[in-house]
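Trainee: For reference, the structure I am asking about is given below.
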Amino acid sequence: MIELIIPAIISCILAFFVVYFTTPPLIKILLKKNYTVKDMNKKENVMVARPGGISIILGIVVSEIVLYGFFQINEILALLITTTAAFLIGYVDDRKVMGGWFKPVTLAIAALPIIFLGAYDSDLVFPLFGDVQIPLLYLGLVIFMIPITGNTINSIDVLNGVASGFMVIASFTLSICLFILQNYEIAIVSLPLGFVSLAFYKYHKIPSKIFPGDSGALTFGAMYGVIAIIGGVEIIAAIALLPAVINSFLFLSSVKRVVEHRQIKGKPVEHTDDFKLKATNDKTAPVTLVRLILAAGPLTEKQIGFAIFKLGIFSGILAIITAFMVGVSL
Amino acid sequence: MSGLYGFLFGMWVLIIIGGGIMVGLLGPFSIQQFGDFHWIITSGIKVTVALILVVIWILILSKLKNYIFKKELKF
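Chains as they are written, first to last, in our numbering: chain A, 1 to 330; chain B, 331 to 405.
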């Protein structure tokens with residue numbers, strides 16, 4: 001057991017402090033180069049540095065390379081390659097506005113190393129009912145999983161601190177589930193994601209000093225998707241991510257096509273005089289999680305963030321219950 | 331907010347039930363009479379059935395969404 005505890009502690013410390021110490025200089029550099037965007041939910045004209053994905057990927061790469069030194073398993077290599085590719089895809093989208101299909105298609109290609117390195121098990125495990133072997137179908141699942149988790153996290157990156165805060169809850173939940181299922185190596189491999197998210201949340205929480213951008217959100221989402229695949233916890237991962245999945249589902253079922261948020265004309269939410277957020281009556285606007293939360297009345301940005309975190313904790317509890325149910329057979 | 335928690339719980343129940351149907355329908359399914367190609371044909375049929383199940387799952391989810399959020403979705 002000691003051979004697992006030491007790499008776990010070292011990688012978690014590195015993951016946290018690499019992001020913690022590299023983000024402030026990154027903010028300075030981005031502000032100096034005028035790589036900023038307006039914070040739309042602030043009364044004053046506040047410009048925020050972007051993208052923070054650079055410090056996020058640095059924390060992940062450093063901690064996972066250290067873990068590879070201890071474990072030398074293909075799963076870590078697949079995670080490193082796919083997550084770095086997702087970061088680069090997001091970075092391109094941060095610098096240049098790409099079409100709606102750019103991210104899903106390129107993220108699907110980014111998932112290929114998982115297949116080529118054989119870092120997956122084609123048995124899909126369901127709670128209570130056991131597993132089902134689906135070799136061909138599983139390849140499709142691998143290719144679809146990364147674009148789905150990447151874009152799902154990207155779609156909830158709408159308010160200060162929400163993407164990173166939600167990622168803290170979802171990724172630690174996934175790590176707990178992997179420990180429950182006694183998949184210790186992958187559980188340790190998954191821990192840096194939670195610590196990277198936690199360190200980044202310090203600067204991303206309201207009022208944000210930096211935004212993750214597409215590069216950060218896709219890095220979070222892609223790494224989460226890879227962990228789900230290499231850990232064989234695809235169903236549990238989907239459950240822990242349900243509030244973000246609901247957001248994507250509501251968006252797609254109201255818009256009825258794959259489209260970039262910036263291409264949508266209708267506004268789902270607007271500001272009150274005291275700069276709270278409230279749901280609009282615009283029928284052309286997409287239905288989103290935030291719009292549903294605001295259906296009961298206006299809330300501050302902070303209150304909406306905490307409402308999403310509470311939903312994340314609720315789905316996290318459901319995911320942990322599901323992990324216990326995997327060991328039970330009907 | 332209670333509607334959102336209800337919807338989350340409904341999605342979770344649908345995932346558990348959907349998993350049971352997947353294991354029950356696809357798990358034991360196998361074709362042997364096509365020689366070396368039997369695994370491709372078996373996988374192809376499994377993919378088709380799985381896709382149909384996903385479409386049904388999404389349709390049920392849409393109905394559940396409209397039922398739970400009938401008041402909120404009158405934007």
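Positions of the beta carbon are idealized from the N, C-alpha and C atoms, including for glycine. None of these values were measured; they are calculated from a predicted model.
Are the segment 244-251 of chain A and the segment 151-162 of chain A in contact at 8 Å, needing three or more beta carbon pairs?
Mentor: yes
Trainee: For A/GLU44, does the three-state DSSP call read helix, strand or coil?
Mentor: Residue state, collapsed to three classes: coil.
Trainee: Considering Cα atoms alone, identify which of A/LEU141, A/LYS38 and A/GLN72 is closest to A/PRO207.
Mentor: A/LYS38
Trainee: Closest to A/LEU67 by CA distance: which of A/PRO127, A/PRO24, A/ALA187 and A/LEU107 is it?
Mentor: For A/LEU67, the nearest C-alpha among the options comes from A/ALA187.
Trainee: Can the beta-carbon of A/GLY150 be found closer than 7 Å to that of A/ALA222?
Mentor: yes
Trainee: Is A/ALA119 near A/ILE9, with beta carbons less than 7 Å apart?
Mentor: no
Trainee: So, A/GLY225 versus A/GLY53, is the Cβ gap smaller than 7 Å?
Mentor: no
Trainee: Counting only beta-carbon atoms, is A/SER155 nearer than 7 Å to chain B?
Mentor: The beta carbon of A/SER155 sits no closer than 7 Å to any beta carbon of chain B.
Trainee: Would you say A/GLU270 and A/ASN160 are within 7 Å of each other, going by their C-beta atoms?
Mentor: no
Trainee: Looking at A/GLY90: is its Cβ nearer than 7 Å to the Cβ of A/LEU289?
Mentor: no
Trainee: Run through the DSSP bridge pairs and tell me what A/HIS271 is partnered with.
Mentor: A/LEU277
Trainee: A/ALA323 and A/ILE236 - do their beta-carbons sit closer together than 7 Å?
Mentor: yes
Trainee: Give the list of continuous beta strand (DSSP E) stretches no shorter than 3 residues that lie fully inside the segment 126-181 of chain A.
Mentor: 130-133
Trainee: Look up A/ILE73 in the DSSP assignment and say whether it is helix, strand or coil.
Mentor: coil
Trainee: Would you give the residue range spanned by the beta strand (DSSP E) that A/VAL37 belongs to?
Mentor: Element bounds for A/VAL37: 36-38.
Trainee: Starting from A/THR288 and walking both ways along the alpha helix (DSSP H), at which residues does that stretch end?
Mentor: Taken as a continuous stretch (DSSP letters only), A/THR288 belongs to no alpha helix (DSSP H), as it is neither H nor E.
Trainee: To be precise: take each residue of the segment 64-79 of chain A, compare its Cβ to all Cβ atoms of chain B, and keep it if any distance is under 7 Å. Which residues remain?
Mentor: none
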